[in-house]
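A.B. asks:
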Amino acid sequence: MNPTHPIPGAPLLAVEGLHAGYGRIPILGGISLTVAAGEAVGILGHNGMGKTTLLRTLMGYLPATAGRVRLAGRDITAASPTARARAGIGYVPQGREIFPALSVRENLRMGCLLARTPEEATIAGILEVFPRLNAYLDRPGGALSGGEQQLLALARCLCSDPRIVLLDEPTEGIQPSIIEEIVETLRGISRARGLTILLVEQNLSFISGLSDRVLILQKGTITREVPPEVARDRTLIDEFVGMA
Amino acid sequence: MDLVGLLGFNVFTGVATLALITLGLGVIYGMMRIINLAHGEFMMLGAYTAVVAVDAGVNIWVAMLVLPPLIVGLIGLLIERAVIRFLYGRMMDTMLATWGISLGLIGLVTTLYGNVVRGVSTPVGSFEIGRYGASLYSLVIIAAALAALGGMLALLRLTRFGLILRATMQNPRMAAALGVSPDRIYMATFALGAGLAGLAGGVLAPISGVSPAMGAAYIARAFITVLGGGPAIITGTGLAASLFGTINELVAFRTTPVIGDVVLLLAAVLLIRVLPQGITGRYLRRSL
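Line by line, the protein sequences give chains A and B.
Residue numbers for the first sequence follow the numbering used here, beginning at 39 and rising by one.
Residue numbers for the second sequence follow the numbering used here, beginning at 1423 and rising by one.
Okay, here's the thing in C-alpha cells:
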C-alpha cells in the first residue's frame, strides 16, 4: 500500500450541503456524504436524479453554488479539475472519454502523468491488472469496443494511484461479460491497494457487488442509506427509489 | 531539360514557402480552433526582428533563423496571456481580437520604424541549373520548411509534451482530470504557433520587402492552405502546400504570378467544395 494514503477509517472525502446546477436550473439540492479511506460507496438513482452532475461537481467541472467539499481535510470546493486531479481524485467519466486518436499505450501514458513511479513500470504494473489491454496497446483507443474502452478508462485512471476514484456508470452500454470482469478487477485492486471508490450507478447487481454502503439519490438529494444486500433486491429497491 | 529542372526547383521552393507560412497558423487553428488574424503580422514581426538584428551587426543566420522564432514566440506568449486566454471557445471574439491586434502591431511597427520598405541582403549567392541561374537561398527556404515540419512532427510524436498536446487537443476536460492544465497547454501552443510564424517571417525577410503591411501578402494563402489541409496539422499542411504550391508555380510559370495566385484560390475553392473537411478530413485521418 502506498504510504501517502491515509489510515483506513479516517474520512477521506467529505461533502456538506452541496448545491450545483446548469445555468439557473438547480440539480443538486444539498448533498451531504462522507467516504472513508478504503471504502467503496455506491450512489443509486435513476436517470435525471443528478448522479452525473454530482460527480462532475466533485471533479470541478461544474461550480458548486453552495456547500463544501473536503479531501483529506483540505477544502477543494473552488479548486479546478486539474488541481483536484493533482490532489489525488481519479475520474472515470460517463462515456469513458478515451482519447480516440491516441493509442491504448498513449492513453495509459496520459494516465501516468501524475504517477509517482516511472512510466514504464507503472504501465507494466497496470497491464498485469488489466491483461486484456495487452493485445491492443498500439491500437487507437477509439477502435476499441465499449467494454474494452471502459477497462482502458479504469486502467488509465488507476495509473496515477489516486486516493479516491469517482466512477460514473461504468456498466452503461457494456456487455455483461465485461461487467463481471470490471467488478472482479475493482474488487481485486480494492483489496490489494486499499482503493477508495465513489460510484454512481443504476445497475443493481454491479453497485451491490462493489459497494460497502449504498446511498439513494433522488431529485438531487440523498434520501437514505441502504446496505448493499438490500440494493441487490429489486423489489425492496423499487419501494425506495421506484427503479423499475 | 534545363527548363524542366528550373521549373521543378521553383515548384519545390513554392511548396516550401507555402508550408513555412502556413504551419504557425495551422498549429494555432488545429490545436485551439482559434483563427489568428494576426498571423501575417507575427510574420512581419519576425521579418523586422531579422532586419533590426542584421542592422545591429548580428550574424545573419542567427538573425534570420534563431532570433525571430524566439522573439515572436515571446510576443505571442504575452498576447495570449493579455488577450486570447479570456476568449477561448468564442471564435468570433478571437477573430475580432486578433484582427485588432494585427492592426495594432502594424501601427506600432509603422510608428517605430516608419512606413518604408526595408530589406536584408541574401546571405548566399546563386547556382546554375543548365543555362539558368537559380538562387541558392531557395535551398535555405526548402531546408527551413522541412526542418519546421519535421521538428513539429518529432515534437508531437516523440516527446511527452507532444503527447499532452495531442491529448489536450482531443479532449481538454479529460486531460485536466489526468492532471494537465489545459490553460498552460494553450499558452504554450499559441506561443509555439507565433514562433513558427516568426520563423517564416525571418526566413522570408531576404526575399521579400520588409514593411509594416507585408503580412497581408501572405495571410490569404496561409488560410486557404490550413483549410485545404484539414484536421491533421502537419500532414495536412504538407499535402495542401504541395498541391497549391505546385498549381501556383506551374500556372505562374505559364502566365503571370498574379494569375498564378488567382488559380491557386480557385483550386482551393474547388478543393473545399469537394472535401469540406480538407484533405486530411477524408484521407490519412490517423496522421498528425
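For each residue, glycine too, the CB sits at the ideal point set by N, CA and C.
1) L253(A) to P266(A), Cα distance in whole Å?
2) Cβ of S1603(B) less than 8 Å from any chain A Cβ?
3) Rank L189(A), T103(A), I217(A), T155(A) by C-alpha distance to the C-alpha of F168(A) and give the top, closest one.
4) Tell me the rounded alpha-carbon separation between G1682(B) and R1540(B).
5) If the cut-off is 7 Å on Cβ atoms, which residues from the segment 136-152 of chain A count as contacting chain E, listed in chain order?
6) Can a CB atom of chain B be found closer than 8 Å to the CB of R124(A)?
7) For the segment 1638-1653 of chain B against the segment 1505-1513 of chain B, do three or more pairs of beta-carbon atoms, one drawn from each stretch, fall closer than 8 Å, so that the two count as touching?
8) Taking any Cβ of chain A, which residues in the segment 1570-1599 of chain B have a Cβ under 8 Å from it, in chain order?
9) Could you pull out every residue in the same chain whose Cβ sits closer than 6 Å to the Cβ of A1475(B), ignoring the five residues on either side in sequence?
10) Return the residue from the list I1523(B), L1692(B), L1614(B) that minimises the CA-CA distance to G1452(B).
11) What residue range is occupied by the uninterrupted alpha helix (DSSP H) comprising A1424(B)?
12) Suppose the cutoff is 6 Å on Cβ atoms and the five residues either side in sequence are ignored; what does the same chain contact list for G1667(B) look like?
13) Between which residues of its own chain and T1544(B) is the CB-CB distance below 6 Å, once the five residues before and five after are set aside?
14) Ignoring anything shorter than 4 residues or poking outside the segment 97-151 of chain A, list the alpha helix (DSSP H) runs there in chain order.
15) Please classify A1565(B) as buried or exposed, where buried requires at least 16 neighbouring CB atoms within 10 angstroms.
16) Answer with buried or exposed for D176(A), where buried requires no fewer than 16 other C-beta atoms within 10 angstroms of its C-beta.
17) Is the separation between the beta-carbon of L237(A) and that of G128(A) shorter than 8 Å?
18) Is the separation between the beta-carbon of A1460(B) and that of I1563(B) shorter than 8 Å?
19) I need the boundaries of the alpha helix (DSSP H) containing R1695(B), first residue and last residue.
20) Express the C-alpha separation of T223(A) and L50(A) in angstroms, rounding to a whole number.
21) What residue does the beta strand (DSSP E) around L1571(B) start on, and which one ends it?
22) Going by DSSP, which residues form a beta bridge with P208(A)?
23) What number of angstroms, rounded off, separates the C-alpha of N40(A) from the C-alpha of I81(A)?
24) Label R1579(B) either buried or exposed according to how many other C-beta atoms from any shown protein chain fall within 10 Å of its C-beta, with 16 as the threshold for buried.
25) When burial is assigned at 16 or more other CB atoms within 10 Å of the CB, is G86(A) buried or exposed?
26) Please state the DSSP three-state secondary structure of Q213(A).
27) Does T160(A) have its Cβ less than 8 Å from a Cβ in chain B?
28) Based on the DSSP output, what are the partners of T72(A) in its beta bridges?
29) If we call anything under 8 Å between Cβ atoms a contact, is V1494(B) one with A1619(B)?
30) Under three-state DSSP, which class holds V1648(B)?
C.D. replies: Put simply:
1) Within the first sequence, residue 253(A) is the residue found at index 215, counting from 1. Within the first sequence, residue 266(A) is the residue found at index 228, counting from 1. Spanning the two alpha carbons is a distance of roughly 9 Å.
2) As a working note, residue 1603(B) is residue 181 in the second sequence. Interface residue, yes.
3) For the purposes of this step, residue 168(A) is identified with residue 130 of the first sequence, where counting begins at 1. By alpha-carbon distance to F168(A), the top candidate from L189(A), T103(A), I217(A), T155(A) is L189(A).
4) Within the second sequence, numbered from 1, the residue matching residue 1682(B) stands at position 260. Within the second sequence, numbered from 1, the residue matching residue 1540(B) stands at position 118. If I take the Cα positions, the gap works out to 26 Å.
5) Reference to chain E is not applicable here, since the protein chains of this structure are A and B.
6) To locate residue 124(A), count along the first sequence from 1; it is residue 86. Cβ-Cβ to chain B under 8 Å: yes for R124(A).
7) No, they do not touch.
8) Of all residues in the segment 1570-1599 of chain B, R1582, L1585, I1586, R1588, A1589, Q1592, N1593, R1595, M1596, A1597, A1598, A1599 have a Cβ within less than 8 Å of some Cβ in chain A.
9) Position 53 of the second sequence, counting from 1, holds the residue named residue 1475(B). Hits under 6 Å: A1485, L1489.
10) Taking the second sequence and counting its residues from 1, one reaches residue 1452(B) at position 30. Checking every option, the nearest Cα to that of G1452(B) belongs to L1614(B).
11) Here residue 1424(B) is taken as the residue at index 2 of the second sequence, counted from 1. One detail in the question is off: residue 1424(B) reads as Asp in this sequence, not Ala. D1424(B) -> alpha helix (DSSP H) spans 1424-1454.
12) In the second sequence, the residue the question calls residue 1667(B) occupies position 245. Contacts found: G1436, V1437, L1440.
13) Within the second sequence, numbered from 1, the residue matching residue 1544(B) stands at position 122. Result list for T1544(B): Y1559, P1628, in chain order.
14) Taken in chain order, the complete alpha helix (DSSP H) segments of 4 or more residues contained in the segment 97-151 of chain A are 119-125, 142-149.
15) What you label residue 1565(B) is simply residue 143 of the second sequence in a count that begins at 1. Taking all protein chains in view, the Cβ of A1565(B) is surrounded by fewer than 16 other Cβ atoms within 10 Å, so the residue is classified as exposed.
16) Numbered from its first residue, the first sequence carries residue 176(A) at position 138. Exposure of D176(A) is indicated by the presence of fewer than 16 other C-beta atoms within 10 angstroms of its C-beta.
17) Counting from 1 along the first sequence, the entry for residue 237(A) is found at position 199. Counting from 1 along the first sequence, the entry for residue 128(A) is found at position 90. Against a cut-off of 8 Å, the Cβ pair of G128(A) and L237(A) comes out as no contact.
18) Within the second sequence, numbered from 1, the residue matching residue 1460(B) stands at position 38. Within the second sequence, numbered from 1, the residue matching residue 1563(B) stands at position 141. The answer is no: Cβ separation not under 8 Å.
19) Position 273 of the second sequence, counted from the start, is the residue given in the question as residue 1695(B). Note, R1695(B): alpha helix (DSSP H), 1679-1696.
20) By one-based count along the first sequence, residue 50(A) stands at place 12. By one-based count along the first sequence, residue 223(A) stands at place 185. Approximately 22 Å between the Cα atoms of the pair.
21) As a working mapping, residue 1571(B) is identified with position 149 in the second sequence. For L1571(B), no beta strand (DSSP E) segment is defined; the enclosing uninterrupted segment is the alpha helix (DSSP H) at 1559-1580.
22) Residue 208(A) sits at position 170 when you count from the first residue of the first sequence. Per DSSP, none; premise fails for P208(A).
23) Within the first sequence, the letter at position 2 stands for residue 40(A). Within the first sequence, the letter at position 43 stands for residue 81(A). Reliability of the predicted coordinates at N40(A) is poor, the pLDDT of 46 falling under 50, and the value obtained from them is presented with this limitation in mind. Distance between the alpha carbons of N40(A) and I81(A): 27 Å.
24) For the purposes of this step, residue 1579(B) is taken as residue 157 along the second sequence, with counting starting at 1. By the neighbour-count rule (16 or more Cβ atoms within 10 Å), R1579(B) is not buried but exposed.
25) Numbered from 1 along the first sequence, position 48 holds the residue referred to as residue 86(A). With a threshold of 16 other beta carbon atoms within 10 Å, G86(A) falls short and is exposed.
26) Stepping through the first sequence from its first residue, residue 213(A) is reached at position 175. Note: Q213(A) maps to coil in three-state DSSP.
27) If you number the first sequence from 1, residue 160(A) lands on position 122. No, T160(A) does not count as interfacial toward chain B.
28) On the first sequence, residue 72(A) is found 34 positions in, with the first residue counted as 1. Looking at the DSSP output, T72(A) shares a beta bridge with A52(A).
29) Translated into positions along the second sequence, residue 1494(B) becomes position 72. Translated into positions along the second sequence, residue 1619(B) becomes position 197. Taking the C-beta atoms as reference points, A1619(B) is found nearer than 8 Å to V1494(B).
30) Locating residue 1648(B) in the second sequence gives position 226, counting from the first residue. Three-state DSSP puts V1648(B) in a helix.
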